[in-house]
Amino acid sequence: MNRQRIRLKVNGQAYDTLCSENATLLTLLREDLGLTGTKEGCGAGECGACTVILNGRPVNSCMVLALECQDSEVRTIEGETVNGGLSDLQKAFIEHNALQCGFCTPGMIMSARALLDKNPSPTREDICEALEGNLCRCTGYEPIIAAVLSAAGGEVNE
Amino acid sequence: MSEYKYIGKPVKRHDGVEKVTGQASYTGDLKMSGMLYAKMKTSEYAHAKILKVDTSEAEKLPGVRAVIDGRHGFAKLGIYMQDRSVIAMDKVRYHGEVVAAVAADDLETAERAIELIKVEYEPLPIIQDVREAVKPDAPLIHPDLGSYSHTVGVFFPKAGTNVANHMKLRRGNVEEGFAKSDVILENTFTQSQIFHIPLETHVTIVQWGAGDNIKIWCSGQSPFSVRDLFSIAFGVPRNNIEVNILYVGGGFGAKAGIHLEPLVGLLSKAAGGRPVKLVPTREEECSTLPCRQGLFARIKTGCSAEGRILAEEVELLWDAGAYADYGVNIGRASATSGCGPYEIENIKIDSLTVYTNHVFGTAYRGFGHPEVFFAVERQRDLMAAKLGMDPTEFRLKNLLYPGSRTVTGELITENTGRPDKCLKRVAEMIGLHNHYTDAEKAEMKRTGKYRGKAAAVLQKAPAMPTWAASSALVQMNEDGTVRISVSGVDYGQGTYTVLQQIAAERLNLPIEKISINKSVSTPISPYDWQTVASRMTVICGMAVADACDDLKEQILEMAAVVLRASKHEIAFGEGDVYVMQNPQYRVGFNKIAIGYVYENGNAVGGPLIGRGKAIAQGLTNLDPETGQGKAALDWTYGAHAAEIEVDTETGDIEVLQFASCIDVGQVMNEELMRGQIVGGVLQGLGCAKSEYVSHDASGRLLTRNFTDYKIPTFKDMPKKMMVDAVETPQLDGPYGARGCGEHPLISVTSVMANALANAVGVQFFDLPLSADRVYRRIQAGNSGPKLS
């Protein structure tokens, strides 16, 4: 398979590397850049486990060709931690037990981050709408809503 | 329960930081030097003879390092019955079964090689319906069934049929019971197979090195069972096999037992011992890896006019699919709950695990109970209606109470747990009745959205061999902190956090000073049977408590020397020990953790290692003819209740409120318990509302992705979710605790179908209660919306 040059920024870091022309952004992140925090749950854009923020928008990275991301800015779960400290969202996920097996968690947090970037005070309905594409088989979602509400400084009625 | 310092206290989960940062390592995140990538060739037929597998073109492709097919996969696998080949040999028995596999330098090459493998088949007649499969003239899916190894005396395969196991339960005399009954009701209930859908698929890496040194990394629930079954299949000593489990992205039973490890192992062996990685796609996870069994259930119930159940006859036909290595125990174990938590004098249960040409079944959260309880708890509401009784009153009249006997003859005691209390509690929580006010009824009529309420009870005991054991090591670090090692796997349920709490309580040591090894490796981790059956808090918990007691004994022995006192004169502080009468004489754990050193350099003692073990007390194999015996380590009882709203214009069901109450014996960690219950209930709502495994007429699987197989999303949550617990202590559980990991999923479907019947008068005897099916049934005017 032909490999082509790709330049992009991931979590503020510049990368200049080669990737297969049919590689997805997910493959580029996991296999070529070693950023394995982003997970693959279905490979078909149906579960949201691979969600990253591409130029400010949440995307299923399994559905985006890596070469489409030329000169793009990508944010992944690895970029959520700042100077080794947990973000408000990460803290809230722990505080509200909003994770179990943890496999959907990186994608869930990135979808929630994209929502909060756009809408800092989401309602419960806004959260359900924004996160509907992220599947979780463990938690029943309730604690995730509580976590996002609490990170946004909203009232949590559990 | 304020007498405890750490039990029942709000302790945060141990794995939070790693999981929210993406730093938690799962098997799929591993890469090794020289690693090859595997791909599977799977069957296009549900049942066919394999005439020829031609791998010659695939082998020629540059970058291909190993190609294997049935000629290499001689070994048979299985936990309770060895009926499953590593790779299909002479025939395929389900669409999606592995017929060949490739390992190559990269995934793309492996994928191309798979396309070059040519397989010739001769189709055979297929069976998709268990009722067809049990007919005397049915084609045989396993003609060699009689020769399969299995646990003798526990399972009873019927050679020359498609019945992998026939479990019988007999109490009293059902014929007499029915003769005495005033009301008799018989119904049948049908449920399809269901997918587990762990978000992480069965990722597996194996390196089968020279000298049969085998290293396995897998996303599994059962490191020691993988080792045992691998050893048995290939005749390699257990000491040669290393099984490593990192973080696991969900299991729900799918990852119990053994799965792709032998296949990937054979690829590695064929590739000269290079590590091989197989990451099943979501489609392969659905079509090749196992699912939950389907069930056809027939229940005949006889009652007195006063509402006492006098006799019950239950026939369970389990759709095991192509293999039943695990399924035979689901058929066995669920029969011990075949009539629910009710005292019934006359019982006849026949539970048949039946081969079909579907994807094969395995353990799934609840181990057959969610399926059986759909039938049993629907039947209770239907019988109550026929008797003209309130269904809650009818249940309370027949439930098990101290002094009752279970279907296997086990005596219920004061320490067993109380389904009645759970039922009363959930009824209270949702305000259980179906007498809506005139204003409410008018509103329902106006909007076309009709409300209904219902409740159901549930029960389950761990389903496991009588000898299933756990062990634990509790080792002291140089600074007096402690690390726990077990081989139960925490795939998110919170087990490790609860084990830390048990150790903290036992050692009177702050919880921050107690860590637990987050990965399991069989060469260094202590034995555990499997992480299944809601048995971790109970059995692994007892093993940890036992190990802590052993460590304390060693601490006392050391302290007696250092403090020049007798052991009985010494007491435990927080991280130190002291002479009771003169507390100024004390020594910190840090001074004795790896040995005590006197001023002149003399040293005594040595590193402190507590070891503990636990095994279920008093379990028996069940009588082959009557099923009588002691099957349960502990019974966890519970109940659910719900109020739903049915949109008669669309058939859509919304859950307005859902209440769940389980007799957990002792709440160990309320937040984690709630996590299990809220998550389990939603998984159950998936089974109730949308999840359905579907095949076409030729047995090809139609539901292979999240578009065709819908699991609940954020939009399927109950509007209001309420959780409570009853605490009837289990005296042989740690601090009185019972397991509750599986229970939340049981009886969710029955509550939903009962509530639907109460809302719009439509009686469902099968699932799911999807909008299209509900809408069609309402339109068909089954009995029309009815309001009481």
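Residue numbers (this note's numbering), protein chains in the order written: chain A, 174 to 331; chain G, 223 to 1010. Built from N, CA and C at the ideal position, the CB exists for glycine as well. For clarity, every value in this text was computed on a predicted model and none was experimentally measured.
What separation, rounded to the nearest whole angstrom, lies between the Cα atoms of residue i and residue j?
i	j	result
G/Gly653	G/Gly457	60 Å
G/Tyr931	A/Leu238	26 Å
A/Gly313	A/Val255	29 Å
G/Lys789	G/Ala815	17 Å
G/His655	G/Lys675	7 Å
G/Lys774	G/Leu729	7 Å
G/Lys263	G/Ala979	46 Å
G/Ala787	G/Tyr800	9 Å
A/Gly326	G/Thr410	52 Å
G/Gly473	G/Tyr818	45 Å
A/Asp261	A/Ala285	11 Å
G/Ala288	G/Tyr259	10 Å
A/Gln273	G/Asp237	9 Å
G/Leu1009	G/Gly562	Caution is warranted here: a pLDDT of 39 is assigned to G/Leu1009, below 50, making its placement in the model unreliable, and the coordinate value is therefore given only provisionally. Whole-angstrom Cα-Cα distance: 29 Å.
G/Ala725	G/Gln245	26 Å
G/Leu841	G/Gly849	13 Å
G/Ser709	G/Glu225	30 Å
G/Ile866	G/Ala977	7 Å
G/Val396	G/Gly560	15 Å
G/Ser626	G/Thr638	11 Å
Let me see if you follow: with CB-CB separation under 8 Å, is residue i close to chain G or not?
i	result
A/Gly327	no
A/Asn270	yes
A/Ile267	yes
A/Tyr314	yes
A/Ile179	no
A/Thr224	no
A/Glu194	no
A/Ala217	yes
A/Glu246	no
Run down chain G in chain order and give the residues with a C-beta less than 7 Å from the C-beta of residue i.
i	result
A/Thr254	Thr243
A/Thr209	Asp251
A/Pro279	Gly244
Which residues in the same chain as residue i place their Cβ atom closer than 8 Å to its Cβ, once the five residues preceding and following it in sequence are excluded?
i	result
A/Met364	An answer regarding residue 364 of chain A cannot be provided, because it is not within the stretch 174 to 331 covered by chain A.
A/Glu213	Leu199, Arg203, Ala222, Cys223, Cys235
Please list, in chain order, all residues of the same chain as residue i whose beta carbon is under 6 Å from its beta carbon, the five residues on each side excluded.
i	result
G/Thr703	Lys735
G/Gly285	Ala326, Asp327, Thr331
G/Gln905	Leu967
G/Ala765	Ser692, Ser693, Ala694, Gly834, Lys835, Ala836
G/Gln985	Ala979
Looking at chain A, is there any beta carbon in it that lies within less than 8 Å of the beta carbon of residue i?
i	result
G/Leu894	yes
G/Asp237	yes
G/Asn927	yes
G/Val900	yes
G/Asp874	no
G/Ala476	no
G/Gln715	yes
G/Ile234	Reading the sequence as shown, one finds Lys at residue 234 of chain G and not Ile. Answer yes: the Cβ-Cβ gap between G/Lys234 and chain A drops below 8 Å somewhere.
G/Gly1006	Confidence at G/Gly1006 is low in this model, with a pLDDT of 46, below 50, so the placement of that residue is unreliable and no value is reported for it.
G/Met254	no
By Cβ distance, which residues of its chain are closer than 7 Å to residue i, with the 5 residues on each side in sequence left out?
i	result
G/Ala685	Asn551, Ala555, Phe589, Ala755
G/Met780	Ile814, Tyr818, Gly827
Counting only Cβ pairs nearer than 8 Å, list the residues of chain A close to residue i.
i	result
G/Glu422	Lys212, Gly214, Cys274, Phe276
G/Val470	Cys274
I want to verify the contact list: residues of chain G whose CB lies under 8 Å from the CB of residue i, in sequence order.
i	result
A/Arg176	The premise fails here: A/Arg176 is roughly 12 Å from chain G at the closest Cβ pair, so nothing lies under 8 Å.
A/Leu206	Correct list: empty, because the minimum Cβ distance to chain G is about 12 Å.
A/Leu358	The structure shown does not extend to residue 358 of chain A, since chain A is modelled only from 174 to 331, so the question has no answer here.
Which bits of chain G does residue i rub up against, with CB to CB less than 9 Å?
i	result
A/Gln263	Gly238, Val239, Val242, Thr243
Which chain A residues are close to residue i, counting only those with a beta carbon under 9 Å from its beta carbon?
i	result
G/Met939	Cys301, Gly313, Tyr314, Glu315, Ile318
G/Val903	Gly313
G/Ala432	In chain order: nothing, as chain A lies at least about 29 Å away.
Can you tell me whether residue i sits near the ligand NAD, meaning its C-beta is under 7 Å from at least one heavy atom of the ligand?
i	result
G/Thr584	The model on display carries no ligand, and the ligand NAD is accordingly not part of it.
Check whether the Cβ atoms of residue i and residue j lie closer than 8 Å to each other.
i	j	result
G/Ser912	G/Ser992	yes
G/Asp750	G/Gln839	no
G/Met939	G/Ala881	no
G/Arg960	G/Val886	yes
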